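Reviewing the structure listed below.
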Amino acid sequence: MKKLNITNGMLVAMIVNMIYVKAIGVTQGVLARQIGQDMWIATLLGTLQGIGILYITHLAMRRTPDLDMIALGDRLLGKGFGTVVALLIFLFFLAAIGPVMITFVYHLQDYFLPEAPLSLFIVCALLVGALGCFYGLEVIARLALIGCAFIFLLNVLIVIGSFEEFDIRNLLPVLEQGLPRTLAASLHFDVDCALASMMAALVLPMLKSPQKEGGKVGMLGIATSGLMVIIWSILEGAVLSAEVTSRYTISCMKLARNAHIGEFLQRYEMIMIALYSISALFQVMFCLYGVSVCTARILRLKSIRPVILPCCLMLGTLGYWIVKDHFRAIVYLERYWPWVALPIGFGLPLVMLGLRLLMGRRLKGEAAAQR
Amino acid sequence: MNRLAAAAKAVLERKIAPGLADNEAAIDEVMGNCADLLKRSFLLGGDRRVPGLLVCLDGMADLGTVEAILKELLPFAEGSLKRFPDDSEVEALPNFYLSSASTHTCETVGEAIAAVISGNAVLLFEGYGSGLIANARGWKERNVEEPSTENNLRGPRDGFSESIRTNTALVRRRIRDPMLRFAAMTVGTRTQTSINIAYIGDLVKEGLVDEVKRRLGRIRIDSVLESGYIEELIEDAPLSPFNTAQSTERPDKVASALLEGRVAIFVDNTPHVLIVPTFFWQFMQAPDDYYNRYWVGTFYRFVRYIAFMISLLLPSIYVMLVSFHQEMIPTSLALTIASGREIIPFPVLLEALIMEFAFELMREAGLRMPKPIGQAVSIVGSLIIGQAAVQAGLVSPFMVIVVAMTGISSFAIPGYTSSLAIRLLRFPLLIASGLFGLLGFATMAFALLLHVLSIHSFGEPYLAPASPYRPSDQRDMLLRVPIWMMDLRPEFAQDRERMEGSQMPKAPKEGQR
């Protein structure tokens, strides 16, 4: 069977799409509530930590370039451990649907279609997600490339539209609440990076040469995402001020509403949201993909297609329950989600790396025997 | 299979008998009492005076050629005085009697009849267990004319006709390369349609010719009346509204495709030649892009991309904005739209659907009617009915502008068949936007995008070189870079080098003038 290949550019684009959507609005709101105008520093620190965790993920997997993290678990401690790894990743993406749906639904419902029923948003998102999963990872990866181009355009538009009201004094004083608190706040950006790390755990083996390029490409992806997001955190701080940003769940929409080009084009947030939608739908798609892959591996199925629909139902129900109540959504986002995302997203690669170092000889022996 | 067909099949498989009467009876049994079947008995010239029979179809064979063949065979002809050796086989006969450029033998009744219905003359002789096929094809065919669906201002004016040989010759005239190959096939059990697969041996994408042959060989159908039949039977995405095989009437387009390492499929009796693999962006490219200066080519290519966006998205965006997101429209514009819609009794979605349908109706009626009436219908429909509908308060002036813009934009897309796909896709987008606003628009647009991303054309991704991104192929996608910069063929071609080194022209220096 022909091995599915994704290019380095596609992986970078996938990482950018995975991080960007939530990080520019929802995460910036959370950061502003915690550390005020230093949210851009927290984003920068989070980016550096994200680069580290992507490298650790690569280190854990590079000796076995054909195996994803579930298969690596199988190889290290037997099928039972592989199932545990699959269950953890399953749990991660299942829980991730909360913030992902919060981002997607609140952007569209609160700002554009307040009277539309919530279920419609969930169904539409999962419909496109299911279609993407049905077509396979290569199509999802190619969509990410287009999403990345749209993200670039979106950033250009927001910079042009916000330039007039940019006031650097809003970003001062720097590190007002001290480095430790800023570092602690950066964990919220780490949560977004955890999405990228778990995605890499599933897709790194599909790179053309994961051994050589995996780490470099992964780190480049996080760095690019950080760069794209920091533009927003600086603009939100300087244009809206940290105080205003902290009052919004989706602070990027407030910035987008403020943006205007000349007198005629006073509001163009819809153009921006149209550009943003690909990335938002990509996130939904990948959560569904992740859950479907793990389910298929747990059930020892060869294809993910039979499980797409049941997984849609599962994600749809959970997403609906979380998004239905704004208060519940915020609590989930700020309290519960980091407790799932960080231990799995950062912990699992570390555990796998540790196990690989301990069991290195066994892996080598098996590889030699296979040769 | 019914009894008649079974009997005919048995006869067709029969070997040609030494008895001339048996063979004539076999032909009669299969072809019946055909009005256009010509049978002419004769005695072969020379000493032996062997009885013979010439069989051909009136209208398919050129009677002048047939008469020339007969003249050479008959005893009184000057050439026939030569002695035909007694022990010679039929294959040797042309050496003694015929001056035809192309002759070959047939062993079965089926082969003989296939040759007759292809326009050849079949010669059967008493005492010989095989027949002789002489090329006598000659039928009335349309002249080489300018293609009606692919006009251009600068460039060659010739277009393909219904004759496959004329069509292959038009390409051969452009590419005088011995590596240009035409592989022949026949498809259609009843129509026996000739198909030629054209490619340049050392350029074509590896394995592509075999794949084309495999797909064509897989076809089991009774008739192929146009290349559209073949297109639907060999494409990669049979359920998709997008064309994954490009069809063209222009020999220069085919020549260009062959030079890029692609394959062309010529089908007899149609001026439309298929090109594979096909990429979405090719439908936005016109031959004029390459014949005019690159600035002009690039500018009009941009215009076409904008036309494509308008054609696909404008009605949906208008309906979405007016129905759900009025706050996004600049105030002065919103007021203008609102004043125009004040007396309209329909919701915007319904108004748009009615207008789009009316436009398609006028287009279809204009196309099907005799030319002079068709033009009149278009003018009456677009001007008078449009104006009347606005005055009667049935549609808003803005909607008329939107639909007209959309229609005109769709005509700006050079690939007519692909513009039809866009026309179709407008409707689901329009309905989704009208029902669910931005959510419906985004969902439908991205579902479409996912679909386009998923389809392939003969192994090549349909959206390449944009996705997957191929940097070296970007020179001829959005932009049309100068010819001296197009030094490489597309990535899938075997030999990528198109020109030697940098050939950017330079004015001679001061002293060299």
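Residue numbers (our numbering), protein chains in the order written: chain A, 1 to 371; chain B, 1001 to 1513.
C-beta atoms are modelled at their ideal positions from N, C-alpha and C, and glycine is treated no differently.
All values derive from a computational prediction rather than experimental measurement.
State the beta-bridge partners of glycine 1515(B) as determined by DSSP. Outside the modelled stretch of chain B, which goes from 1001 to 1513, sits residue 1515(B), for which no answer is possible.
Enumerated in chain order, which unbroken segments of the beta strand (DSSP E) with a length of 3 residues or greater are wholly contained in the segment 1304-1348 of chain B? none
What residues from chain C crowd round glycine 1437(B), counting only those whose CB sits closer than 8 angstroms? As a matter of chain content, chain C is missing from the structure shown, whose protein chains are A and B.
Within this structure, are the beta carbons of valine 1395(B) and tyrosine 1318(B) separated by less than 8 angstroms? no
Within the segment 1375-1412 of chain B, ranges of the alpha helix (DSSP H) (whole runs, at least 4 residues): 1386-1391 and 1397-1411
On a Cα-Cα basis, can you pick out the residue from Ile97(A), Ile273(A), Glu263(A) and Phe282(A) that is closest to methionine 314(A)? Ile97(A)
Would you be able to state if there are at least three C-beta pairs under 8 angstroms between the segment 1131-1145 of chain B and the segment 1050-1067 of chain B? yes
Endpoints, alpha helix (DSSP H) assigned at cysteine 287(A): 269-298
Using the Cα positions of proline 1156(B) and aspartate 1252(B), report the straight-line distance between them to the nearest angstrom. 7 angstroms
Less than 8 angstroms between CB atoms is the rule here; does leucine 1004(B) satisfy it with respect to chain A? no
So, using beta-carbon positions, are glutamate 1150(B) and threonine 1248(B) closer together than 8 angstroms? yes
Give, in chain order, every residue of the segment 252-277 of chain A whose Cβ lies closer than 8 angstroms to some Cβ of chain B. Phe264, Leu265, Gln266, Arg267, Tyr268, Glu269, Met270, Ile273, Ala274 and Ser277
Give the residues of chain A in contact with methionine 1328(B), contact being defined as C-beta atoms less than 8 angstroms apart. Arg267, Tyr268, Glu269 and Met270
Taking only beta-carbon atoms, is cysteine 311(A) less than 8 angstroms away from chain B? no
Who are the Cβ neighbours of proline 1241(B) in its own chain at under 7 angstroms, not counting the five residues just before and after it? Ala1421, Leu1424 and Leu1425
For the candidate residues Leu255(A), Gln28(A), Arg62(A) and Phe93(A), whose alpha-carbon lies nearest to that of lysine 212(A)? Arg62(A)
Could you spell out the range, first to last residue, of the beta strand (DSSP E) harbouring phenylalanine 1182(B)? 1180-1187
Output, in chain order, the set of chain A residues within a Cβ distance shorter than 7 angstroms of threonine 1443(B). Cys124, Leu127 and Val128
8 angstroms contact criterion, which valine 291(A) and cysteine 311(A) should meet: CB distance rounded: 5 angstroms
Chain B contact residues for tyrosine 135(A), given Cβ-Cβ distances below 7 angstroms: Leu1450 and Ser1454
Starting from the beta carbon of histidine 1325(B), find every residue of chain A whose beta carbon is closer than 9 angstroms, and list them in chain order. Phe112, Leu113 and Met270
Look up tyrosine 1300(B) in the DSSP assignment and say whether it is helix, strand or coil. helix
Within the 8 angstroms Cβ cut-off, does proline 1468(B) reach chain A? yes
Are the C-beta of valine 139(A) and some C-beta of chain B separated by less than 8 angstroms? yes
Short check: CB of serine 1418(B) to CB of phenylalanine 1283(B), under 8 angstroms? yes
Answer yes or no: does any C-beta atom of chain B fall closer than 8 angstroms to that of isoleucine 19(A)? no
With distances taken between CB atoms, is the gap from leucine 1054(B) to phenylalanine 1125(B) smaller than 8 angstroms? no
Is there contact between the segment 264-279 of chain A and the segment 27-42 of chain A, where contact requires at least three CB pairs shorter than 8 angstroms? no
Arginine 75(A) classed as buried or exposed, judged by whether at least 16 other C-beta atoms fall within 10 angstroms: buried
How many angstroms separate the CA atom of aspartate 1487(B) from the CA atom of arginine 1498(B)? 5 angstroms
Assuming contact is defined by CB atoms lying nearer than 8 angstroms, are arginine 142(A) and proline 1468(B) in contact in what I supplied? yes
Does the separation of the CB atoms of isoleucine 1230(B) and alanine 1257(B) fall below 8 angstroms? no
Could you round the C-beta distance between valine 1187(B) and valine 1263(B) to whole angstroms and report it? I think they count as a contact, below 8 angstroms. Not really, about 16 angstroms apart at Cβ, beyond 8 angstroms.
Cross-chain neighbours of phenylalanine 121(A) in chain B, by beta carbon under 7 angstroms: Leu1439
Are the C-beta atoms of phenylalanine 1302(B) and some chain A residue less than 8 angstroms apart? no
Would you tell me roughly how many angstroms separate the C-alpha atoms of phenylalanine 375(A) and valine 239(A), rounded to the nearest one? In the structure as shown, chain A starts at 1 and stops at 371, and residue 375(A) therefore has no counterpart that could be examined.
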